[in-house]
Amino acid sequence: MPSYANSDLLVTADWLAANLSNPNVRVVDTRGAARYAEGHIPGATNLPVARLDDPTHPIRSMPLPPERMAMVFGNAGLANGQTIVLYDDGPGLMAARLFWVLEYYGHEKLGILDGGLARWLAENHHVTRDPSQVTASTYTPHPHPDRLSSSDDVKAVLGKPGVALLDVRSHEEYTGAMVQAARGGHVPGAKNCDWQTALAGLNIPALKSADELAAQFAAAGVTPDKQVITYCQGGVRAAHSYYVLRLLGYTNVSNYTGSWGDWGNDPNLPVEN
Amino acid sequence: MPDAKNIIEVDARGDVCPVPMMKAVKAMKAATSQDIIEVWIDYAPALDTIPSQCNRLGWEFRVEQTTDDPEWKMTLTKKDG
Numbered sequence: 012m013p014s015y016a017n018s019d020l021l022v023t024a025d026w027l028a029a030n031l032s033n034p035n036v037r038v039v040d041t042r043g044a045a046r047y048a049e050g051h052i053p054g055a056t057n058l059p060v061a062r063l064d065d066p067t068h069p070i071r072s073m074p075l076p077p078e079r080m081a082m083v084f085g086n087a088g089l090a091n092g093q094t095i096v097l098y099d100d101g102p103g104l105m106a107a108r109l110f111w112v113l114e115y116y117g118h119e120k121l122g123i124l125d126g127g128l129a130r131w132l133a134e135n136h137h138v139t140r141d142p143s144q145v146t147a148s149t150y151t152p153h154p155h156p157d158r159l160s161s162s163d164d165v166k167a168v169l170g171k172p173g174v175a176l177l178d179v180r181s182h183e184e185y186t187g188a189m190v191q192a193a194r195g196g197h198v199p200g201a202k203n204c205d206w207q208t209a210l211a212g213l214n215i216p217a218l219k220s221a222d223e224l225a226a227q228f229a230a231a232g233v234t235p236d237k238q239v240i241t242y243c244q245g246g247v248r249a250a251h252s253y254y255v256l257r258l259l260g261y262t263n264v265s266n267y268t269g270s271w272g273d274w275g276n277d278p279n280l281p282v283e284n
Numbered sequence: 470m471p472d473a474k475n476i477i478e479v480d481a482r483g484d485v486c487p488v489p490m491m492k493a494v495k496a497m498k499a500a501t502s503q504d505i506i507e508v509w510i511d512y513a514p515a516l517d518t519i520p521s522q523c524n525r526l527g528w529e530f531r532v533e534q535t536t537d538d539p540e541w542k543m544t545l546t547k548k549d550g
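These protein sequences, in sequence, are chains S and Z.
Per my numbering, residue 12 is the first one in the first sequence, and the count goes up by one each step.
Per my numbering, residue 470 is the first one in the second sequence, and the count goes up by one each step.
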């Protein structure tokens with residue numbers, strides 16, 4: 012296992028297989044219901060990441076407020092104090108989104124299955140189509156506001172030393188060649204590091220080594236001594252990069268979940284191309 | 470009698486940014502004015518990103534929420550002219 016500073020945030024398939032019956036471990040399949048029904052890790056609860064967003068909030072990707080998120084988590088059988096292992100098909104985008112939401116709401120024992128379902132199957136573990144029996148539980152969120160950034164938070168740190176804004180979209184989105192809001196471009200001062208560059212392979216995705224990742228981020232001015240804010244278009248790719256930075260041991264990281272869908276559509280905010 | 474339209478279904482449920490937008494763009498670029506594209510999504514930010522591409526590529530869109538779940542059907546039709 013690569014020597015990530017917070018290596019407990021990355022779970023191997025063998026460890027998970029050995030702990031499927033552990034009452035203190037809750038496995039969560041973050042894919043849509045149809046994909047879950049096609050086959051999932053035995054005992055896994057289905058919690059599609061679409062259910063995490065507040066439909067009443069003007070920012071589409073804003074997580075539900077605490078009292079409503081408590082119901083979503085509780086209905087999925089999540090409980091404070093559990094070790095929650097998240098997975099998706101493999102790249103980790105959806106798993107990382109729920110990872111960030113759970114960290115935002117204060118959950119401490121979390122991990123993502125290395126390589127997701129692709130790795131699970133490649134290592135000859137089984138899936139089932141039987142829906143898991145879920146007993147609803149009580150979940151108490153403890154929000155950590157420092158893990159979620161708003162446009163005001165980003166505006167307040169523009170140009171400040173000791174802060175790294177990390178745009179994890181594609182290069183085309185970053186430069187404005189591809190426009191997905193009223194305006195194209197990026198937040199002034201933000202550096203670009205496409206989230207996919209954290210992965211070493213796409214058939215069975217695997218994260219690059221700690222040294223490689225650290226070097227990539229350092230080349231973008233992102234170092235552990237800084238306050239780091241990740242963003243993308245809607246806060247999902249940004250959550251993946253948030254997760255990778257947490258895996259590397261970064262402690263001062265937040266996700267600007269409104270991302271370019273928020274910033275690019277606000278004519279009062281500056282844009283760089 | 471108007472010509473029958475061909476319905477192209479694009480299932481982007483379970484996909485997150487930028488995949489729903491990319492699937493919709495791929496379908497729009499391959500489609501003709503005789504086609505209707507139905508894009509199924511459950512990722513709310515795509516409700517903004519797909520329309521922006523529709524405007525760019527000359528397609529109109531209509532959005533329906535078909536269940537109580539966060540799931541939408543976007544129906545895309547080619548603009549006249």
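Virtual Cβ for every residue (Gly too), placed ideally from N, Cα, C.
At a cut-off of 8 Å, the C-beta of C523 of chain Z has no neighbouring C-beta in chain S. V255 of chain S and Y267 of chain S have their C-alpha atoms spaced approximately 15 Å apart.
In this structure, the alpha-carbon of H51 of chain S lies about 37 Å from that of S162 of chain S. Interface criterion met: the Cβ of D517 of chain Z is under 8 Å from a Cβ in chain S.
From the beta-carbon of M105 of chain S, the residues of chain Z found nearer than 7 Å are V485. With a cut-off of 8 Å on Cβ pairs, the segment 499 to 513 of chain Z is not in contact with the segment 224 to 243 of chain S, counting fewer than three such pairs. Collapsing the DSSP output to three states places A217 of chain S in a strand. Within chain S, the residues whose beta carbon sits less than 9 Å from that of M490 of chain Z are Q191 and Q244, listed in sequence order. Residue environment analysis places M82 of chain S among the exposed positions, since fewer than 16 neighbouring C-beta atoms fall within 10 angstroms of its C-beta. Approximately 6 Å separates the beta-carbon atoms of N57 of chain S and A44 of chain S; this is inside 8 Å, confirming the contact. Beta-bridge annotation (DSSP): M543 of chain Z is paired with Z:V508 and Z:V532. Beta-bridge pairing by DSSP links H137 of chain S to no other residue. At a C-beta separation below 7 Å, D511 of chain Z has these neighbours in chain S: G43, P59 and A61. Residue contact check for V174 of chain S against chain Z: no CB pair falls below 8 Å.
In the DSSP annotation of this structure, the continuous segment of the alpha helix (DSSP H) that includes A28 of chain S starts and ends at A24 to A29. In the three-state reduction of the DSSP assignment, G122 of chain S falls in the strand class, which pools E and B.
Y116 of chain S carries a coil assignment under DSSP once its states are collapsed to helix, strand and coil. Of the other Cβ atoms in all chains shown, fewer than 16 fall within 10 Å of the Cβ of K474 of chain Z; this residue is therefore exposed. Following the DSSP letters along the chain, one finds Q238 of chain S inside the beta strand (DSSP E) bounded by residues Q238 to Y242. Counting along the chain, the unbroken beta strand (DSSP E) around N475 of chain Z starts and ends at N475 to D480. Taking a cut-off of 8 Å on C-beta distances, the segment 242 to 260 of chain S touches the segment 179 to 199 of chain S, as three or more cross pairs fall below it. Runs of alpha helix (DSSP H) with 4 or more residues, each lying fully within the segment 28 to 106 of chain S, are found at 44 to 49 and 77 to 86, listed in chain order. Of all residues in the segment 17 to 48 of chain S, those with a C-beta nearer than 7 Å to a C-beta of chain Z are R42, G43, A45 and R46, reading in chain order.
Residues of the same chain with a CB within less than 6 Å of the CB of A87 of chain S, apart from the 5 flanking positions on each side, are T56 and L58 in chain order.
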